[in-house]
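Engineer: Protein chains in written order, with my numbering: chain H, 558 to 667; chain Y, 21 to 136.
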Amino acid sequence: GQQVMQIPQYQHVQEGEDFTTYCNSSTTLSNIQWYKQRPGGHPVFLIQLVKSGEVKKQKRLTFQFGEAKKNSSLHITATQTTDVGTYFCAGPSGNEKLTFGTGTRLTIIP
Amino acid sequence: SAVISQKPSRDICQRGTSLTIQCQVDSQVTMMFWYRQQPGQSLTLIATANQGSEATYESGFVIDKFPISRPNLTFSTLTVSNMSPEDSSIYLCSVEGAAGSPYEQYFGPGTRLTVT
């Protein structure tokens, strides 16, 4: 079945440093979604990308969808303590249900 | 958007018993889903709750173990039957197709289940 892998699994950064998580799917995706889950919380939708090569920005967050629509990335500029959490990408599988990536857990060192 | 509540928020159950988790949405939605998430792990889809018909289960999950109901467009239940310690996990309800948000999934706060 479809697999969606993310690297790194964990990332510890100093506050103010940049952070990037990469998402790779074993199959071509019609779209990719990103979610953030704070410690002890539930996943919260961040964004959806649909077009090949698409780039979207939300303040300090930049999301990119690869040209082949099999990979994506999330880059956070100048991290803040509020960015702490696990970031998941998710893409539709063959039955159109979302397959969530393995996640990247971000911790911030003040 | 959609606001989702789940009951109970947590429970500790004995092996061999069953627990029913309720999911209530504040508006009508097209799709309702049930996920399982082990601490520190990703989300695994259990099934899609279909209104007025049997749920659609993902590979590895069966109706006898996880019976699901969805009597209307705002409510669903998931039962974890004949529980074993391996069922200890967080169970999350999610919805898709809320008004103004056709493809976003909104998640409930989750139910933390511990089986002893």
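Glycine residues also receive a C-beta, built at the ideal position from the N, C-alpha and C atoms.
These numbers were taken from a predicted model, which means no experiment stands behind them.
Is Glu106(Y) helix, strand or coil by DSSP?
Structural biologist: Glu106(Y): helix per DSSP, three-state reduction.
Engineer: Should Lys608(H) be labelled buried (16 or more other beta-carbon atoms within 10 Å of its own) or exposed?
Structural biologist: Per the 10 Å Cβ criterion, exposed.
Engineer: Skipping 5 residues on each side, what residues in its chain have a beta carbon closer than 6 Å to that of Ile41(Y)?
Structural biologist: Leu98, Tyr111, Thr131, listed in sequence order.
Engineer: Under the DSSP definition of a beta bridge, which residues are partnered with Gln590(H)?
Structural biologist: Bridge partners of Gln590(H): Gln605(H), Ala647(H).
Engineer: Write down the C-beta distance between Tyr592(H) and Phe645(H) rounded to the nearest angstrom, noting that I regard them as a contact closer than 8 Å.
Structural biologist: Confirmed, about 5 Å.
Engineer: DSSP puts Gln26(Y) in a beta bridge; with which residues?
Structural biologist: Answer is Cys43(Y).
Engineer: What does the alpha-carbon distance come out to for the pair Leu65(Y) and Glu78(Y)?
Structural biologist: Using only the alpha carbons, I get a separation of about 7 Å.
Engineer: Could you tell me whether the Cβ atoms of Val570(H) and Thr636(H) are closer together than 8 Å?
Structural biologist: Going by C-beta atoms, Val570(H) is nearer than 8 Å to Thr636(H).
Engineer: Mind checking if Gln559(H) is an interface residue toward chain Y, Cβ cutoff 8 Å exclusive?
Structural biologist: It does not; no Cβ of chain Y falls within 8 Å.
Engineer: Where does the unbroken beta strand (DSSP E) through Gln125(Y) begin, and where does it stop?
Structural biologist: Residues 121-127.
Engineer: Out of Asn581(H), Ala625(H), Thr639(H), point me to the one whose CA is closest to Ile666(H)'s CA.
Structural biologist: Closest by alpha carbon: Thr639(H).
Engineer: Residues of chain H with a CB under 8 Å from the CB of Thr68(Y): which are they?
Structural biologist: Correct list: Lys654.
Engineer: Going along chain Y in order, which residues have a C-beta closer than 7 Å to the C-beta of His599(H)?
Structural biologist: Here the neighbours are Leu112, Phe127, Gly128, Pro129, Gly130.
Engineer: Distance cutoff 8 Å, beta carbons only. Does Glu124(Y) sit that close to anything in chain H?
Structural biologist: It does: the Cβ of Glu124(Y) has a partner Cβ on chain H nearer than 8 Å.
Engineer: Chain H partners of Ser62(Y), CB-CB under 8 Å?
Structural biologist: In chain order: Phe645, Phe657, Gly658, Thr659, Gly660.
Engineer: Glu106(Y) to Gly36(Y), Cα distance in whole Å?
Structural biologist: Roughly 12 Å separates the two Cα atoms.
Engineer: Would you say Leu65(Y) lies against chain H (beta-carbon separation less than 8 Å)?
Structural biologist: Yes - at least one Cβ of chain H is within 8 Å of the one on Leu65(Y).
Engineer: What do you reckon, are the CB atoms on Asn581(H) and Lys627(H) nearer than 8 Å?
Structural biologist: Their beta carbons are under 8 Å apart, which means Asn581(H) touches Lys627(H) by this criterion.
Engineer: Only counting the same chain, and skipping five residues up and downstream in sequence, which positions put a Cβ closer than 6 Å to that of Ala58(Y)?
Structural biologist: The sequence as given places Gln at residue 58(Y); Ala does not occur at that position. Contacts found: Ser109.
Engineer: With DSSP run on the structure shown, which of helix, strand or coil describes Thr94(Y)?
Structural biologist: Reduced to three states, the DSSP call for Thr94(Y) is coil.
Engineer: Taking Phe622(H) as the query, report the chain C residues whose CB atoms sit under 7 Å from its CB, ordered along the chain.
Structural biologist: No chain C appears in this structure, whose protein chains are H and Y.
Engineer: Look at the alpha carbon of Tyr55(Y) and the alpha carbon of Ser121(Y), and state the distance between them as a whole number of angstroms.
Structural biologist: Roughly 20 Å between the two C-alpha positions.
Engineer: Would you kindly work out how many angstroms separate the C-alpha atoms of Ser663(H) and Ser630(H), rounded to a whole number?
Structural biologist: The question names Ser, but residue 663(H) in the sequence shown is Leu. So the alpha carbons of these two residues sit roughly 14 Å apart.
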